[in-house]
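Data first, discussion second: the structure below is written as structure tokens.
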Amino acid sequence: MTSGPAVPHDAPASSPLESPPVVPPAPTEVLGAPEIARALTRIAHEILERNKGGADVVLLGIPTRGVPLAERLALRLAEVEPGLDATSLVGTLDVTMHRDDLHRQPPRAIGTTTLPAGGIDGKVVVLVDDVLYSGRTIRAALDAISDIGRPRAVQLAALVDRGHRELPIRPDYVGKNLPTSVSERVHVRVAEIDGDDAVLISQAPVAAETQAEEAGL
Numbered sequence: 488m489t490s491g492p493a494v495p496h497d498a499p500a501s502s503p504l505e506s507p508p509v510v511p512p513a514p515t516e517v518l519g520a521p522e523i524a525r526a527l528t529r530i531a532h533e534i535l536e537r538n539k540g541g542a543d544v545v546l547l548g549i550p551t552r553g554v555p556l557a558e559r560l561a562l563r564l565a566e567v568e569p570g571l572d573a574t575s576l577v578g579t580l581d582v583t584m585h586r587d588d589l590h591r592q593p594p595r596a597i598g599t600t601t602l603p604a605g606g607i608d609g610k611v612v613v614l615v616d617d618v619l620y621s622g623r624t625i626r627a628a629l630d631a632i633s634d635i636g637r638p639r640a641v642q643l644a645a646l647v648d649r650g651h652r653e654l655p656i657r658p659d660y661v662g663k664n665l666p667t668s669v670s671e672r673v674h675v676r677v678a679e680i681d682g683d684d685a686v687l688i689s690q691a692p693v694a695a696e697t698q699a700e701e702a703g704l
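Using our numbering, read the sequence shown as starting at 488 and increasing by one per residue.
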């Protein structure tokens with residue numbers, strides 16, 4: 488009886504067919520530059536209407552993309568109410584040291600908090616962020632504000648509200664309510680940082696999705 492070629496003991500009995508890698512679909516644009524511009528203009532008018540003018544308003548942008556959005560809102564407020572100085576309305580608020588996920592994330596560089604010359608005491612502070620999700624970033628921002636002053640009121644403006652709140656936080660001004668699943672990601676692009684303006688939605692990789700859920704972002 489003729490035997491076939493020897494087969495190494497550690498060789499698999501058969502080689503299963505490998506599935507091709509799953510390529511996620513390209514991100515979908517849900518807002519372009521014109522829609523973002525209109526949303527910011529509308530928010531600016533709502534801020535002035537709600538606060539009966541902008542004399543006591545301070546806009547604090549939350550890095551990274553909340554900062555240029557706050558600067559654009561300040562310019563729009565000054566356009567509507569000529570007596571306002573846009574540069575005196577806007578500042579930045581770093582929330583790094585107040586986040587509750589520092590132990591789960593790689594080390595982060597501490598950013599800079601800059602306040603207008605008049606400070607925030609007795610003012611109406613409008614926090615400006617690009618995407619509102621779990622609410623944990625805004626909770627950290629409220630803690631950060633308590634360290635630097637005592638405003639008369641704190642309001643929240645978000646370009647996109649994607650839902651899935653984990654804390655009882657609700658925006659006062661929203662550019663767009665965007666229903667999403669937890670497996671999706673929302674990307675805000677701004678010309679000052681990314682070269683163009685857009686809001687994109689994409690499917691998150693499984694590993695990234697799990698990491699985001701664990702971080703409570």
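Note that CB positions come from ideal geometry on N, CA and C, so glycine has one too. A quick note: this is a predicted structure, and the numbers were derived from the prediction, not measured.
According to DSSP, residues forming a beta bridge with residue i
i      : result
Ser668 : Paired residue(s): none; Ser668 is not in a bridge.
Thr579 : Gly548 and Thr601
His674 : Leu687
Thr528 : Its beta-bridge partners do not exist; DSSP assigns none.
Thr574 : Looking at the DSSP assignment, Thr574 forms no beta bridge with any residue, so it has no partner.
Leu518 : Val686
Candidates the options, of which the one nearest residue i by Cα
i      : options                           : result
Gly682 : Ala520, Ala513 and Ala631         : Ala520
Ser668 : Ala691, Val567 and Val677         : Ala691
Ala565 : Asp581, Arg649 and Leu576         : Leu576
His674 : Asp630, Ser633, Tyr620 and Arg639 : Tyr620
His651 : Ala524, Pro638 and Pro666         : Pro666
Val613 : Ala524, Thr599 and Pro638         : Pro638
Leu560 : Leu629, Gly598 and Ala524         : Ala524
Ile530 : Val615, Pro512 and Pro603         : Val615
Ala573 : Ile656, Ala604, Pro550 and Pro512 : Ala604
Ala631 : Arg657, Ile656 and Met584         : Met584
Pro684 : Pro512, Leu629, Leu556 and Pro550 : The residue asked about is misnamed: residue 684 is Asp in this sequence, not Pro. Here the closest residue by C-alpha is Leu556.
Cβ shell of residue i (< 8 Å), same chain only, five flanking positions each side left out
i      : result
Ser501 : Caution is warranted here: a pLDDT of 48 is assigned to Ser501, below 50, making its placement in the model unreliable, and no coordinate value can be reported.
Leu654 : Ser621, Gly622, Arg623, Ile625 and Arg626
Lys663 : Val517, Leu518, Glu522, Ala526, Leu646, Val647, Asp648 and Val686
Arg657 : Leu643
Ala640 : Val611 and Val612
Ala513 : Ser689
8 Å Cβ cutoff met for residue i and residue j
i      : j      : result
Asp617 : Gln642 : no
Thr579 : Gly548 : yes
Ile680 : Arg563 : no
Gly541 : Glu558 : no
Ala645 : Arg586 : no
Thr624 : Val582 : yes
Val611 : Val554 : no
Contact set for residue i: own chain, Cβ-Cβ below 7 Å, skip 5 residues either direction
i      : result
Glu705 : No statement about residue 705 is possible, as the shown extent of the chain runs from 488 to 704 and does not include it.
Gly636 : Gly606, Ile607 and Asp608
Asn538 : Val544 and Val611
Thr599 : Thr579 and Asp581
Ile597 : Asp581, Thr583 and Met584
Asp571 : The sequence as given places Leu at residue 571; Asp does not occur at that position. The residues are Gly541, Leu564 and Ala565.
Leu535 : Gly541, Leu564, Val567 and Glu568
Pro550 : Thr579, Asp581 and Gly598
Leu629 : Val641
Sequence-distant residues of its chain with Cβ nearer than 6 Å to residue i (five each side left out)
i      : result
Thr601 : Gly578 and Thr579
Ile688 : Thr515, Val517, Glu671 and Val673
Ala528 : Ala is not the amino acid found at residue 528; the sequence shown has Thr there. Arg563.
Leu546 : Ala557, Leu560, Ala561, Leu576, Val577, Val613 and Val615
For a minimum of 4 consecutive residues, which ranges assigned as the alpha helix (DSSP H) are wholly contained in the region 604-667? Runs found: 623-635.
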